[in-house]
Amino acid sequence: MRIVIGISGASGVIYAKRLVEELYKKAELDIIISDTAKKIIEEELGLSYKYFEKFGTLHDNRDFFSPLASGSNKFDAFVIIPCSMKTLSAIANGYSSSLIVRVADISLKERRKLIIAPREMPFSSIHLENMLKLSNLGAIILAPCPAFYFKPKSLEDIVNFVVGRILDLLNIENNLFRRWRC
Ligand SMILES: Cc1cc2nc3c(=O)[nH]c(=O)nc-3n(C[C@H](O)[C@H](O)[C@H](O)COP(=O)(O)O)c2cc1C
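If you read the sequence shown in this note's numbering, its first letter stands for residue 4, the second for the next number, and so on.
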C-alpha cells in the first residue's frame, strides 16, 4: 500500500508526526511538507522537518517535477494533516499552486481516497463552503475533533484517537484508542 501524506502550515503538526510513526510500519510513505509547516514543526514540536525523513520519501512542496505530480503514478490514498485554510481553498478551487494541492487535485480527478484534516477555529462560511464542496466531490473531511467518551488521560491519548480514526478510514487495523463500550 502506498500512501501520500501532506503536511501544510496549520497548527497540529503533532497529528502528522504520530500518523507517520504509526503508518510507516504498514505502508510505503511519500511525505510533502509545506514551507510554513516546516517552521511550525520546529515551533510546535521542537524538531527539524528532517525528522520525517526516516518514515518515507520527502518531496518539496514546490517541485512539480516530482513523480507525485502526475496522475500516471499510483498511490492508494492521500492524507493532508493538518490542512490549512489556504491549502483547503486551493484544493476546492482546483488551483494547483503547490505539490500538496496538485496531489489532492489528482486524487479528486482519479477518484482516489482523499482525507483532509482541516485546522482552524472558528470556521468562516468560506471555510465551510470549501469543505462542503470537497466532501461532495468525495473527499473525507476529518476535522480533528476528538471524542472524550474514552476518558483520555494525556495529550498522547487525544492525538492517538484522531490518528486511530484516520487509520480506520485507511482500513488499517489499529488499537490506538479505546472504542465505545469496548
Ligand atoms: C504558528 C502558525 C500556526 C498557524 N495555524 C494555522 C491554522 O491552524 N490554520 C490555518 O488555516 N492557518 C494557520 N496558519 C497560517 C498558515 O500557515 C498560512 O495561511 C500559510 O499561508 C499556509 O500555507 P500552506 O498551506 O501552503 O502551508 C498558521 C501560521 C503559523 C505561523
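All residues carry an ideal CB built from backbone N, CA and C; glycine is no exception.
Secondary structure in the segment 8-82: the alpha helix (DSSP H) runs of 4 residues or longer, each lying completely within the stretch, are 16-26 and 38-43 in chain order. For ALA142, no beta strand (DSSP E) segment is defined, and its DSSP state is neither H nor E.
Proximity to PHE126 across GLY97, LEU158, SER87 and LEU172 peaks at SER87, based on C-alpha coordinates. Between ligand 1 and the CB of GLY12, the shortest heavy atom gap is smaller than 7 Å.
Within a 10 Å sphere around the beta-carbon of SER37 sit 16 or more other beta-carbons, which makes this residue buried. In this structure, the alpha-carbon of ASP66 lies about 10 Å from that of SER100. In the three-state DSSP reduction, ARG114 falls in the coil class, being neither helix nor strand. Per DSSP, ASN163 is one residue of the alpha helix (DSSP H) stretching across 158-172.
Pairing PHE78 with ALA107 gives a Cβ-Cβ distance that is not under 8 Å.
Under the three-state reduction of DSSP, ILE6 is assigned to strand.
Out of ARG182, VAL165, ILE94 and MET124, the CA that lies nearest to the CA of GLY141 is found in ILE94.
In this structure, the C-beta of ILE43 approaches ligand 1 to less than 7 Å from one of its heavy atoms.
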